[in-house]
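Report on the following structure.
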Ligand code: GRF
């Protein structure tokens, strides 16, 4: 099976996927990494791993529709079985989401449905929550609102800052994202608009 990963930045989640693949724990092969930010460090990670690394700068397109159209073309050229959004910081058009519905997953730094959107760690600290974490979910047109596949929760410590919390959450992201991709590629995870199922059981 073929995996395409979309990134915008550091690519630590991409690295977790690369490492999983090299240990035969991904269930597929990362055939391309695409970034909307040409300077993303994750593109170097991809190149270092011998993976096709594509910079597709959104600033060179007049509209979101034009950009997403170009992105669809690049993705489809690689004939992916799954598309993984790993820190891809762009809102997607309905056309894009529809094209890959049921085979596109995202990693989000909160225990969804809590804290959709940006600045999740700051908001969690502001609310004095005792638990925080991350979620893998199928991507639908609702931003960070698609069916949840897998989550990791952690206790927030009294002295946690945005930075310490972010680091703790990211460590969990790196654990759960490759597992979710592997489950999907093994055919164990199914998307439905009512919610994801695992081995036929609702999640
Ligand atoms: C992660 O925290 C992810 O949850 C969020 O963006 C960050 C990406 O980090 N959406 P990296 O590029 O994988 O290091």
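In this note's numbering, the protein residues as written are 1284 to 1486.
Glycine included, every Cβ here is placed at the ideal spot set by N, Cα and C.
Chain D contact for residue i (CB, 8 Å cutoff)
i, result
"residue 1337", "The chain labelled as chain D is not found in the depicted structure, where only one protein chain is given."
C-alpha gap between residue i and residue j, whole angstroms
i, j, result
"residue 1314", "residue 1286", "6 Å"
"residue 1357", "residue 1400", "26 Å"
"residue 1428", "residue 1395", "8 Å"
"residue 1481", "residue 1385", "13 Å"
"residue 1354", "residue 1441", "43 Å"
"residue 1295", "residue 1379", "24 Å"
"residue 1306", "residue 1284", "16 Å"
"residue 1423", "residue 1381", "8 Å"
"residue 1326", "residue 1438", "33 Å"
"residue 1328", "residue 1335", "11 Å"
Boundaries (first-last residue) of the beta strand (DSSP E) holding residue i
i, result
"residue 1295", "Element bounds for residue 1295: not the beta strand (DSSP E) but the alpha helix (DSSP H), 1295-1305."
"residue 1487", "The displayed coordinates of the chain run from 1284 to 1486. Any statement about residue 1487 would go beyond what the structure contains."
"residue 1432", "1431-1438"
"residue 1336", "1335-1338"
Distance CB(residue i)-CB(residue j) smaller than 8 Å
i, j, result
"residue 1349", "residue 1289", "no"
"residue 1435", "residue 1468", "no"
"residue 1433", "residue 1299", "no"
"residue 1479", "residue 1431", "yes"
"residue 1417", "residue 1390", "yes"
"residue 1452", "residue 1392", "yes"
"residue 1421", "residue 1388", "yes"
"residue 1324", "residue 1292", "yes"
"residue 1309", "residue 1464", "yes"
Opening and closing residue of the alpha helix (DSSP H) in which residue i lies
i, result
"residue 1468", "1445-1468"
"residue 1380", "1377-1382"
"residue 1416", "Where residue 1416 is concerned, there is no enclosing alpha helix (DSSP H), although the beta strand (DSSP E) it sits in stretches over 1414-1421."
"residue 1406", "1403-1409"
Residue i Cβ short of 7 Å to ligand 2 heavy atom set
i, result
"residue 1320", "As for ligand 2, it is missing from this structure, which binds only ligand 1."
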